[in-house]
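Shown next, in structure tokens, is the structure this report addresses.
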Amino acid sequence: MKKFHVVSIIAVLALFCSEALFALPRFALMTGAKCGSCHVNPTGGQMRSEYGTSFSLDALPLVAHKEEDFTFNPKLTDNITIGGDFRTQFLYDMAMSPGDSVKGKNTFHAMTATLYGAVQISKKITFYFKQDFLNQSYGVLSGPEVFGVAKILPRSGYIKVGAFMPEYGWRLDDHTSYTRGGDIGFIPGGFTSNGLPFFPNYRDVGIEVGAYIDDFTLTASVLNGSGNLRKLDFTTDKAFAAKLEYIGKTEADSGINYRLGASGYVFKDYRMAGLTAGIGFGDWVLYGEMDWTDGKLNQFAGNAYVDSAKMSVAFVELDYRAIQGLWLTARYETVDPLNGIADDELALTPTTNSFSRLMLGLEFFPYSFVELRPQYHVVMEKPSLDNDRVLVQLHLWF
């Protein structure tokens, strides 16, 4: 597919121009911090650590609105901390549904209301949970994350045991990205995804090991592969996930951070592999990802496997911090659900034909723990449809 080749070239350029990571990959690439520096989860995302809370207070909001006399502490006790994320948005979809006489439709959408908790039960062991009270509707592979982390291995390595999302690729907070679920909710016919498996609130049950060796980070996990499809899942098949990353930076004067990574996931006959890269320099961040699959999993049908499907997905994103508190973002991404098979222009469906999308947006942080995110999505396919989308999202967290 030509569109995939174009974005692949761009993403490869990102591979060789790269930096390091944070909560959103952008912040990690800008600061050079590891994901675990800002998050309780060693692989990043979700609940913020004490440093992550401090970053949200001091480094994100508009300088004009920084409240120097305001402090925030999410600790209930010395050893018990809570956190949360709330996202709600207004969506406008320009597409005309079959049978409609008016073009376009809109909705207010309460996306997610997630509560986190972390209990430090000893110096090296943490009990952690995540529960989304709004978004529990993405099939049998969704559910709360509950796990224990023991940082008992050399060089701050850890063992994680419980229910959690496998570590793979860039951990984006935008689940509409084709590397993170795709157009769930926009595709007719119930819960169907034209993206990779790790959609919102995906979780599996198993064990993960993380190791830090000089500038390399390695994670590997063994999982049931079936989420919470069954309470007890006795099988001879297990899922395996692994990710290797190199974290580097140039001399201090240039302030360039970068990260290169490779990820893999295997479940039964399904294979998925990807490359990630990112670079941060000054107020600019560039990062991307390319993934390929052998077969396809339908996560909404108990991970049903389609042998004939081979998928390719890629994105590249450029972010610029105009001033503290205001980011300009642009992301180009593409997905080919049936890689190697020509698109059928007479039978256009989002689960068989290739799609590309350009996202242009702003991310505005007027106050601490407050984000406004307006975006315009240009959707490209053959034959061309009038189906662009506009959204304005409000994000509150602590």
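Sequential numbering from 0 applies to the sequence shown in numbering that gives the first Met the number 0. Ideal placement from N, C-alpha and C gives every residue a C-beta, glycine not left out. Computed from a predicted structure; not experimentally measured.
Contact set for residue i: own chain, Cβ-Cβ below 6 Å, skip 5 residues either direction
i	result
Leu390	Gln88, Leu90 and Gln374
Thr125	Ala117, Gln119 and Val148
Thr216	Glu244
Ser311	Phe3, Trp291, Asp335 and Asn338
Val325	Note on identity: in this sequence residue 325 is Leu, with Val being the wrong assignment. Phe363, listed in sequence order.
Phe132	Ala112
Phe128	Gly116 and Val145
Reduced DSSP category for residue i - H, G, I as helix; E, B as strand; rest coil
i	result
Val353	The displayed chain sequence assigns Ser, not Val, to residue 353. If DSSP states are grouped into helix, strand and coil, Ser353 belongs with coil.
His174	coil
His4	For His4, the predicted structure reports a pLDDT of 47, less than 50, and the residue's modelled location is therefore unreliable. A value from the coordinates is still provided. Note: His4 maps to helix in three-state DSSP.
Pro373	strand
Phe190	Per-residue confidence for Phe190 stands at a pLDDT of 46, beneath the threshold of 50, marking its modelled position as unreliable; the derived number appears in the next sentence. Looking at Phe190 - three-state DSSP - the assignment turns out to be coil, as it is neither helix nor strand.
Glu250	coil
Ala149	strand
Thr30	helix
Thr400	Nothing about residue 400 can be read from this structure; the chain reaches only from 0 to 397.
Glu288	strand
Thr52	helix
Ala63	helix
Arg270	strand
Ala19	Since pLDDT at Ala19 reaches only 31, below the 50 mark, its modelled position is unreliable, and the value read off the structure follows with that caveat. Coil at Ala19, not helix or strand.
Ser225	coil
Ser367	coil
Asp293	strand
Arg202	coil
Which listed residue (the options) has its alpha carbon closest to that of residue i
i	options	result
Val101	Tyr245, Asp92 and Phe107	Asp92
Ala240	Thr113, Thr42 and Pro24	Thr42
Pro165	Phe363, Lys309 and Val145	Val145
Val39	Arg320, Pro73 and Pro60	Pro73
Thr113	Ser121, Phe107, Gln130 and Lys122	Gln130
Phe107	Tyr115, Ser121, Lys122 and Arg86	Arg86
Gly83	Asp57, Gly51, Lys65 and Glu67	Gly51
Ala341	Tyr211, Ala329, Tyr331 and Phe354	Phe354
Gly277	Lys248, Lys122, Val265 and Glu49	Lys248
Lys150	Lys123, Ser141 and Thr175	Lys123
Ser141	Asp203, Thr234 and Phe266	Asp203
Asp77	Thr234, Ser121 and Ser55	Ser121
Asp268	Thr175, Lys295, Ile246 and Glu49	Lys295
Alpha-carbon spacing of residue i relative to residue j, whole angstroms
i	j	result
Gly273	Ala63	41 Å
Asp213	Val148	21 Å
Asp173	Met358	11 Å
Val118	Asn134	24 Å
Asp387	Thr218	38 Å
Gly168	Ala94	31 Å
Tyr257	Thr30	10 Å
Gly44	Gly103	34 Å
Leu231	Ser53	41 Å
Pro329	Asp57	First, the amino acid is wrong: residue 329 is Ala here, not Pro. Going from the Cα of Ala329 to the Cα of Asp57 covers about 25 Å.
Gly224	Leu152	26 Å
Arg47	Leu327	24 Å
Leu195	Ser383	24 Å
Pro143	Ala162	8 Å
Glu67	Phe397	17 Å
Lys381	Asn352	8 Å
Phe26	Gly360	17 Å
Cys37	Phe266	31 Å
Glu49	Thr70	12 Å
Thr175	Thr275	18 Å
Ile81	Ile246	30 Å
Proximity below 8 Å, CB of residue i to CB of residue j
i	j	result
Gly287	Glu316	yes
Gly279	Leu75	no
Ser262	Lys237	no
Leu23	Gln323	no
Asp293	Arg270	yes
Asp318	Val369	no
Tyr177	Asn193	yes
Thr333	Ala313	yes
Leu371	Leu393	yes
Tyr264	Gly209	no
Arg170	Tyr211	no
Phe197	Gly181	no
Gly254	Gly281	yes
Short CB-CB distance (under 8 Å) between residue i and chain B
i	result
Thr249	The displayed structure is made up of one protein chain only, and chain B is not part of it.
Chain-order list of residues whose beta-carbon lies under 8 Å from that of residue i (same chain, five-residue window excluded)
i	result
Asn105	Phe89, Leu90, Tyr91 and Asp92
Asp385	Met93, Ala94, Met95 and Lys102
Pro365	Pro60, Leu61, His64, Gly324 and Leu371
Met110	Arg86, Thr87, Gln88, Leu133, Asn134 and Gln392
Spatial neighbours of residue i in its chain, beta-carbon cut-off 7 Å, leaving aside the 5 residues before and after
i	result
Ile79	Val118
Val221	Gly205, Ile206, Lys237 and Phe239
Arg461	Because the chain in this structure spans residues 0 to 397, residue 461 falls outside the shown range and cannot be described.
Ser55	Arg47, Ser367 and Phe368
Val160	Phe146, Gly147 and Ile206
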